[in-house]
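Q:
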Amino acid sequence: MQRYFLETSFNPNGEAVLFGEDYKHIVQVMRMAIDEKIIVVAEAEAFITTIKDITEDKVIVQKEGESLPENELPVHITIACGLAKGDKHDLIVQKGTELGVSEVVLFKAERSIVKWDDKKGTKRIERLQKIAHQAAEQCHRTIIPRIESPLTIKQLIAKGQEFDVCLFADEEAAKREERPRLADRVKNLSPNQNVLIVFGPEGGLSRNEAEALQEAKFLPVALGPRILRTETAPLYFLSAVSYEFE
């Protein structure tokens, strides 16, 4: 059953209106008709609805019954990624959404080859947000992960104060025999905690960044003995959290 996210909420009578891209998808792509059913998400709750009317520019639906069971990851994970080349962030956002990420934050790392263009930056964030939206519909999420514009490392460290647990993927730690194992870090997490984990760009985090994070009480974590690509590492971590809790 197709799923759509409301920008507003249902009215007191249990009706809601879908328009814009959702209207086009329902009418022109899916070619749906009155009395067909779709899932509509409002304020992080999903409901089965029936299409009651289709006009020239909107679809009116009626809520049916109680909300559906939610399927969100029990731990709220925010991924911070160093700016990377090409479409790597597209992949991280799309697959990260499927794996349950709550938020993706970009940051300007010392080893980032890509330089952020503020003029084009707004459109790039909008593109990533659209990818998250589409992925959330596809995998039946009840929230759409938020995509945040690039921060400096100092701003990222300050943001860490908002979280219960702060981690960073450290490839140097992964090379040591007594490395901080991912399994141990994940087992120490608890449901409903807010977790921030930092991943470097191509080339990883610099030693200056790793030391600054550690001084700010971010805990290093090793993602196994092999060096993972910048787009692979966040998905590896999310998969481990999903395995532990789901």
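Residues 1 to 246 in our numbering are what the sequence shown lists, from first letter to last. C-beta: ideal position from N, C-alpha, C; glycine also.
Count the other CB atoms, across all protein chains shown, that sit within 10 Å of the CB of Y243; report buried if there are 16 or more and exposed otherwise.
A: Looking at its Cβ environment, which holds fewer than 16 other Cβ atoms inside 10 Å, Y243 is exposed.
Q: Just reading off the beta strand (DSSP E) that P220 is part of, what are its end residues?
A: From DSSP, the beta strand (DSSP E) with P220 extends over L219 to V221.
Q: Of the residues I60, Q155, K217 and I125, which one's Cα is nearest the Cα of G20?
A: Checking every option, the nearest Cα to that of G20 belongs to I60.
Q: Of the choices V101, Q138, A80 and E66, whose alpha-carbon is the least far from that of T49?
A: With distances taken between Cα atoms, T49 lies closest to E66.
Q: Compare the C-beta of A136 with all C-beta atoms of chain D and state if any pair is closer than 7 Å.
A: Of the chains in the structure shown, none is chain D; there is only one protein chain.
Q: Taking DSSP as the reference, what is the three-state secondary structure of K37?
A: K37 falls in the strand class under three-state DSSP.
Q: On the criterion of 16 or more Cβ atoms from any shown chain inside 10 Å, does V29 qualify as buried, or is it exposed?
A: Looking at its Cβ environment, which holds fewer than 16 other Cβ atoms inside 10 Å, V29 is exposed.
Q: Between which two residues does the beta strand (DSSP E) containing N194 stretch?
A: It spans N194 to F199 - the beta strand (DSSP E) in which N194 sits, taken as one unbroken run.
Q: Can you tell me which of the three DSSP states S242 falls into?
A: Helix, per DSSP.
Q: To which residues of the same chain is V249 closer than 6 Å at the C-beta, ignoring the five residues directly before and after it?
A: Residue coverage of the chain in this structure runs from 1 to 246, which leaves residue 249 outside it and unanswerable.
Q: Which of the three DSSP states, helix, strand or coil, is assigned to L247?
A: One cannot answer for residue 247 here, as it falls past the ends of the chain, which runs 1 to 246.
Q: Taking I113 as part of the beta strand (DSSP E), name the residues at either end of that continuous run.
A: I113 -> no beta strand (DSSP E), and no H or E assigned at all.
Q: Can you tell me where the beta strand (DSSP E) holding T122 begins and where it ends?
A: From DSSP, T122 is part of no beta strand (DSSP E) but of the alpha helix (DSSP H) over D118 to Q138.
Q: Can you tell me the Cα-Cα spacing of H140 and R3, whole angstroms?
A: Rounded to whole angstroms, H140 to R3 spans 7 Å at the Cα level.
Q: Within this structure, are the beta carbons of L213 and F168 separated by less than 7 Å?
A: Yes, Cβ-Cβ distance for L213 and F168 is below 7 Å.
Q: In or out: K63 buried (at least 16 other Cβ within 10 Å) or exposed?
A: The residue in question, K63, is buried, as its Cβ has 16 or more Cβ neighbours within 10 Å.
Q: Leaving out five residues on either side along the sequence, give the residues of the same chain with a beta carbon under 8 Å from the beta carbon of E70.
A: Closer than 8 Å at Cβ, skipping near neighbours: A44, E45, A46 and T142.
Q: Helix, strand or coil for A46, going by three-state DSSP, please let me know.
A: Of the three classes helix, strand and coil, the one that applies to A46 here is strand, per DSSP.
Q: Sort S112, R111 and F107 by Cα distance to I125 and report the nearest one.
A: It is F107 whose Cα lies nearest to the Cα of I125.
Q: Hey, E259 and F5 are a contact pair by Cβ (cut 8 Å); roughly how many whole angstroms apart?
A: Residue 259 lies beyond the range of the chain shown here (1 to 246); nothing can be said about it.
Q: With the cut-off set at 7 Å, would you say E202 and T230 are in Cβ contact?
A: In this structure, T230 lies closer than 7 Å to E202 by Cβ.
Q: Can you find at least 3 beta carbon pairs, one from the stretch 75–84 and one from the stretch 215–222, that sit closer than 8 Å?
A: With the cut-off at 8 Å, the stretch 75–84 and the stretch 215–222 do not touch.
Q: Going along the chain, which residues of its own chain have a beta-carbon closer than 7 Å to the beta-carbon of L228, five neighbours each way excluded?
A: Correct list, in chain order: Y236.
Q: So for L18, helix, strand or coil by DSSP?
A: Here L18 sits in strand by DSSP.
Q: Ordered along the chain, which non-local residues of its own chain (more than five positions away) have a Cβ less than 8 Å from that of I39?
A: For I39, where only same-chain residues beyond five positions count, the Cβ hits under 8 Å are M1, Q2, R3, Y4, A46, F47, I48, T49, L68 and H140.
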